[in-house]
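What follows is a set of notes on a single structure, which appears directly below.
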Amino acid sequence: MLLIAALVFLGTAKHFTVDLKSRHTQEHLIDIVNMLQHSHAQLLEENHYEKIGKGIEGALQFETVMLEKNIQKKNLKHQNHHNKKQEHHHKKRKNTNMVVNESLMDVIPLTSEEKGIFEESGALSPIDIHIEQQMEHQSQKLLTTNRNQDGLYIADVPLTNIANTMFIGELQVGSAQGKNAFDVIFDTGSALTCIASEQCKDIGCQKSKRYNRAESQSFNEIGKSVEIVFGSGTLKGLINRERIRVDGLDLKDALFIEVTQQIGDAFHEGEFDGIVGLGYPHMTGVPTLFDYMIQQHKLHSNVFTFHLNRATGNSGSQLIFGGSDDSQIKGEWVYHEVHEQFYWSIMAEQIKVGNKDTGICTHQHKCKMVVDTGTTLLTGPTKDVRTLLSMIRVEPKCQNYQTMPDITFVIDGHDYILSPKDYILTITQSGVEAPYHHSSMDQIVGCAGTIFPLDLPPKQGPLWILGDVFITKYSAKFDRDKNRVGLALNKNLE
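In the numbering used here, the protein residues as written are 91 to 584.
The following block contains the structure:
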């Protein structure tokens, strides 16, 4: 579930200042704080918030924005009307354009090996596919060029931290030497590989490197139209096949989306050329890129791990296919069973603020938590986020930072703690800082918690999303063999 641009900040535990030489970057991050403060003021029924802007000469400007009464009811009425229009619109176009909230299996010609991933054609309900039993490969020769300390091969993809708004790595698509490397977001909350096409003329595509099928000898056309709806935008394109490589892993005839149209600020504002979905294949009914690694016997262990470093730039963040780098964690991995094989969802029995139980989750009614590398913030159901924010009470300029409480997610009896330095974003006169830092208290002009309300429909919701705010503190290992998520404290926090 890619949620960026509208949701593009992650809190950090190591003080730094984002390089604001780029006016575009500064204005974009200021928009995040304004968005958070506005949504929080609505939820807490406050009557105003201080909107931050930027003048022609770069000086920060402020405006008191008054909120309308009963705005939540008005928004709900508007949203219901919008949803009805959207439902009617989708029904009208259903026969001409495949929307990815249904299975693609029935409309895309899959190989027998691809169909073998599923127990039944087109199934989107959670099922136990026992993929580790289908993909016995321990004796296979592994094809990557990197070895871990045990002598087994893994694929190690360096990730670049873009101003703590997204993490991108390289993917090679096609056979055009020198023109087939693309910067992509590896997203555990979606399940399709999408690359900007030369055919796309939208602003976001024009700013990206674009794939040209005419230059690739390994292109294999299917040509089915598809539309993919993310949390922060929509992509339209064509499903085709191509040769895809990930740090030495050579995947033949993999399905991907050749993006011909981008709709939404996320793709216009982002510094990436595509998205690689690493969720479960039941989201779409077709294999993910990771499924091709499993099918083609590329990995010794069917796991992948995100080690995200909170320092910006090329500072050690990495995605490892086939294993993990345990030198980057403190202590041991703690594993949690996947609740449903759709999202990478695990179950929490409690959320605490300080030492107080919020009552949001209980042992009888646990909360679904989706570990999602494609979302930057923490999100949760509106009513639950309201409860959480009312107990935290972030002051507009962090005046109460010293007394602000920790937030603790209790998952299978294990505490995962986010302190204020993890979940608070501040803006100072000199730039955007994360987290709050006591030496700059007199400069702080804006402050917001990186928690956002998001309601999903009943089929998959309600749920919480543990985005990069969480994953940068706790490294995450995704295990398809045992259908579990491992979490461990990141060693690079201090």
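By construction, the Cβ of each residue, glycine as well, lies at the ideal position given by its N, Cα and C atoms.
Note that this is a predicted model, so its numbers are computed, not measured.
### Task
Assign Glu-485 to buried or exposed, taking buried as 16 or more other Cβ atoms, counted over all protein chains shown, within 10 Å of its Cβ.
exposed
### Task
Return the CA-CA distance between Ile-541 and Ser-315, expressed in angstroms with no decimal places.
Looking at the two C-alpha atoms, the distance is approximately 35 Å.
### Message
Comparing C-alpha positions only, which one of Arg-303, Lys-141 and Leu-579 sits nearest to Gly-421?
### Response
Leu-579
### Query
Smallest Cα separation from Gln-296: which of Thr-350, Arg-476, Cys-284 and Ser-565?
Thr-350
### Message
Need the endpoints of the alpha helix (DSSP H) that Lys-205 sits in, please.
### Response
202-205
### Message
Starting from Tyr-491, trace the alpha helix (DSSP H) in both directions and tell me its first and last residue.
### Response
It is not in any alpha helix (DSSP H) - Tyr-491 carries neither H nor E in the DSSP assignment.
### Exposure of Ser-405, with buried meaning 16 or more beta-carbon neighbours within 10 Å
Flag for Ser-405 reads exposed.
### Query
Taking Cβ to Cβ, would you say Glu-260 is nearer than 7 Å to Ala-253?
no
### Task
Specify the secondary structure class of Ile-585 as computed by DSSP and reduced to three states.
It is not possible to answer for residue 585, since the shown part of the chain is limited to 91 through 584.
### Query
I think Pro-510 touches Val-443, with their Cβ atoms under 8 Å apart; what is that distance to the nearest whole Å?
Their Cβ separation, rounded to whole angstroms, is 11 Å, which puts Pro-510 and Val-443 out of contact at 8 Å.
### Message
Quick check on DSSP: helix, strand or coil for Pro-495?
### Response
coil
### Query
Are the beta-carbon atoms of Ala-245 and Leu-339 separated by less than 7 Å?
When the beta-carbon positions are compared, Ala-245 and Leu-339 come within less than 7 Å of each other.
### Exposure of Asn-330, with buried meaning 16 or more beta-carbon neighbours within 10 Å
buried
### Query
By Cβ distance below 6 Å, which residues in the same chain neighbour Thr-498 in space, the five residues on each side in sequence not counted?
Closer than 6 Å at Cβ, skipping near neighbours: Lys-442, Asp-505 and Ile-507.
#### Entry: Limits of the beta strand (DSSP E) - the one that Leu-339 falls within
339-353
### DSSP-derived helix/strand/coil call for Glu-305
helix
### Query
Does the distance from the C-beta atom of Ile-285 to that of Gly-364 stay below 7 Å?
yes
### Buried or exposed (CB count within 10 angstroms, at least 16 for buried), Asn-445
exposed
### Query
How many angstroms separate the CA atom of Gly-470 from the CA atom of Val-461?
When rounded, the distance between both Cα atoms is 12 Å.
### Query
Whose C-alpha, out of Leu-478, Thr-283, Val-336 and Pro-377, is nearest the C-alpha of Glu-348?
Thr-283
### Query
The alpha helix (DSSP H) with Pro-510 in it runs from where to where?
First-last of the alpha helix (DSSP H) with Pro-510: 510-513.
### Query
Can you tell me whether DSSP reads Pro-543 as helix, strand or coil?
strand
### Sheet register partners of Gln-262 (DSSP bridge)
The partner list for Gln-262 (beta bridge, DSSP) reads Ala-271 and Arg-335.
### Delimiting residues of the beta strand (DSSP E) encompassing Asp-569
Bounds of the beta strand (DSSP E) holding Asp-569 are 564-569.
### Query
Going by alpha carbons, who is nearest to Tyr-370 out of Thr-402, Phe-411 and Gly-279?
Distance from the Cα of Tyr-370 is smallest, within the candidate group Thr-402, Phe-411 and Gly-279, for Gly-279.
### Query
Does DSSP put Gln-454 in a helix, in a strand, or in coil?
coil
### Query
Hey, would you say the C-beta of Val-123 is under 6 Å away from at least one heavy atom of the ligand PLP?
For the ligand PLP, the structure offers nothing, since it holds no ligand at all.
### Query
When the Cα atoms are used, what is the spatial distance from Ile-410 to Lys-567?
9 Å
#### Entry: Neighbour-count burial assignment, Ala-438, 16 or more Cβ in a 10 Å radius
buried
### Task
Please work out which residues of its chain come closer than 6 Å, Cβ to Cβ, to Leu-581, disregarding the five sequence neighbours upstream and downstream, and give them in chain order.
A quick correction: the sequence has Lys, not Leu, at residue 581. Spatial neighbours of Lys-581 in its own chain (CB-CB distance under 6 Å, excluding positions within 5 residues in sequence) are listed in chain order as Gln-418, Ile-419 and Lys-420.
### Task
Kindly identify the DSSP beta-bridge partner or partners of Gln-440.
Val-500
### Query
Are the beta-carbon atoms of Val-123 and Ala-538 separated by less than 7 Å?
Contact flag set, yes.
### Query
Anyone know if the C-beta pair for Asp-277 and Gly-367 falls short of 7 Å?
yes
### Query
For Trp-423, which residues does DSSP report across the bridge?
For Trp-423, which the question treats as bridged, DSSP gives no partner whatsoever.
### Query
What does DSSP give as the partner residues of Ser-287 in its beta bridges?
Tyr-301, per the DSSP bridge assignment.
### Query
Who pairs with Pro-371 in a beta bridge, going by DSSP?
Bridge partners of Pro-371: none, in fact.
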